[in-house]
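Participant: In the UniProt record's numbering, the protein residues as written are 1 to 271.
Can you read through this structure? Questions will come right after.
Written out as structure tokens, the structure is:
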């Protein structure tokens, strides 16, 4: 009987302690969410959006042309709804492209920029054409705010990219034996106070791909999905992929298809 009482007491004490920890965690998350709501009214991402709109309409490059005739999948100059259907297959390039790589195609064909130089500059998100690409990406993506994700899976290459992305998502490796699924493959995941959405299925409105590009408060930078994925590889201690690689686009296809029906809240704000 004595053992049973002590055992019960230990269990009760453990349950109370666990409940206290969970309560503290929930309170902290609520605090973070309220903080984000307060910042949303003056989200610095709006400045990037404004710059992106100027760059979209500005005549630039060797051809002294704007991007207003750029075809992002719905016809020249159409912006509403394109972001929530990317990546997709483009017949003129013969490959699946995300928003950023498609914008580079337009900057090359319409404005005359050098493709190799743009890809080299793209990772430098805070300066030069890298910063310009981030701003244009933010502007275009914002035009689909409130739209719901609906990526195409009709073309063979789109289907292949989905399968490749799925394989990469679950591929473990590196010094920590991590995969994307280590953090984003289960429900209720969390690291410190950061909730980790399950990206193997529709994570919900404004979560996962539906929240990027986003402004990062911690480093005062605007991050696109290419940057977000690159940093995930860095945190896994994997070799970081090149900008616009098949790997990053395949992962976007996999997550984007899984997010079908999710509402875009771009531009979001993150810690």
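Backbone N, C-alpha and C define an ideal beta-carbon position, used for all residues, glycine too.
Going by other Cβ atoms of all chains shown within 10 Å of its Cβ, with 16 needed for buried, is residue 170 buried or exposed?
Facilitator: That one is exposed.
Participant: Which residues bound the beta strand (DSSP E) around residue 115?
Facilitator: From DSSP, residue 115 is part of no beta strand (DSSP E) but of the alpha helix (DSSP H) over 115-121.
Participant: Can you tell me where the beta strand (DSSP E) holding residue 49 begins and where it ends?
Facilitator: Element bounds for residue 49: not the beta strand (DSSP E) but the alpha helix (DSSP H), 45-57.
Participant: Taking the C-alpha atoms as reference points, what is the distance between residue 206 and residue 222?
Facilitator: Computed Cα separation, rounded: 17 angstroms.
Participant: Between the alpha carbons of residue 202 and residue 119, how many angstroms are there, rounded?
Facilitator: Those two C-alpha atoms are separated by around 31 angstroms.
Participant: Looking at the secondary structure, which residues open and close the beta strand (DSSP E) in which residue 189 lies?
Facilitator: 189-191 is the span of the beta strand (DSSP E), which, as asked, contains residue 189.
Participant: Would you list, in sequence order, the uninterrupted alpha helix (DSSP H) runs of no fewer than 4 residues that lie entirely inside the segment 197-238?
Facilitator: DSSP runs (the alpha helix (DSSP H)) wholly in the segment 197-238: 225-235.
Participant: According to DSSP, is residue 125 helix, strand or coil?
Facilitator: Note: residue 125 maps to coil in three-state DSSP.
Participant: According to the neighbour-count rule (16 or more other Cβ atoms, all chains shown, within 10 Å of its Cβ), is residue 98 buried or exposed?
Facilitator: It counts as buried.
Participant: Please report the straight-line C-alpha distance between residue 174 and residue 59, rounded to a whole angstrom.
Facilitator: Going by the C-alpha atoms only, they are around 45 angstroms apart.
Participant: For residue 263, which residues from the same chain have a beta carbon less than 7 angstroms from its beta carbon, with the 5 sequence-adjacent residues on both sides left out?
Facilitator: Excluding positions up to five away in sequence, the list reads 146, 148, 205, 206 and 210.
Participant: Rounded to whole angstroms, what's the CA-CA distance from residue 176 to residue 153? Just pull it up for me.
Facilitator: Looking at the two C-alpha atoms, the distance is approximately 33 angstroms.
Participant: In whole angstroms, what is the alpha-carbon distance linking residue 254 and residue 112?
Facilitator: The alpha-carbon atoms of residue 254 and residue 112 are separated by roughly 32 angstroms.
Participant: Within this structure, are the beta carbons of residue 138 and residue 48 separated by less than 8 angstroms?
Facilitator: Yes; because the gap between Cβ atoms is below 8 angstroms, this pair is in contact.
Participant: Give the C-beta separation of residue 110 and residue 65 to the nearest angstrom, bearing in mind that I take them to be a contact with Cβ-Cβ under 8 angstroms.
Facilitator: The pair is a contact, with the Cβ atoms about 5 angstroms apart (cut-off 8 angstroms).
Participant: Over the uninterrupted beta strand (DSSP E) stretch that includes residue 270, give me the two end residues.
Facilitator: Unbroken beta strand (DSSP E) run through residue 270: 268-270.
Participant: Looking at the secondary structure, which residues open and close the beta strand (DSSP E) in which residue 96 lies?
Facilitator: Taken as a continuous stretch (DSSP letters only), the beta strand (DSSP E) holding residue 96 covers 95-97.
Participant: On the DSSP letters alone, give me the boundaries of the alpha helix (DSSP H) that residue 167 sits inside.
Facilitator: Its alpha helix (DSSP H) spans residues 156-170.
Participant: Report back the beta-carbon spacing between residue 85 and residue 133 to the nearest angstrom; my notes put them in contact at under 8 angstroms.
Facilitator: With 8 angstroms as the limit, residue 85 and residue 133 do not qualify as a contact, their Cβ atoms being about 20 angstroms apart.
Participant: Based on the DSSP output, what are the partners of residue 173 in its beta bridges?
Facilitator: DSSP lists 178 as partners of residue 173.
Participant: Give every residue of the same chain whose Cβ lies closer than 8 angstroms to the Cβ of residue 261, excluding the five residues on either side of it in the sequence, and list them in chain order.
Facilitator: 148, 149, 150 and 202, listed in sequence order.
Participant: Quick one: measure Cβ to Cβ for residue 140 and residue 83, integer angstroms, because I've assumed they're closer than 8 angstroms.
Facilitator: About 6 angstroms; that satisfies the 8 angstroms criterion.
Participant: Express the C-alpha separation of residue 199 and residue 188 in angstroms, rounding to a whole number.
Facilitator: Going by the C-alpha atoms only, they are around 12 angstroms apart.
Participant: According to DSSP, what are the bridge partners of residue 71?
Facilitator: According to DSSP, residue 71 bridges with 76.
Participant: The ligand ZN heavy atoms versus the CB of residue 265: any closer than 7 angstroms?
Facilitator: Looking for the ligand ZN in the displayed structure turns up nothing, as the structure carries no ligands at all.
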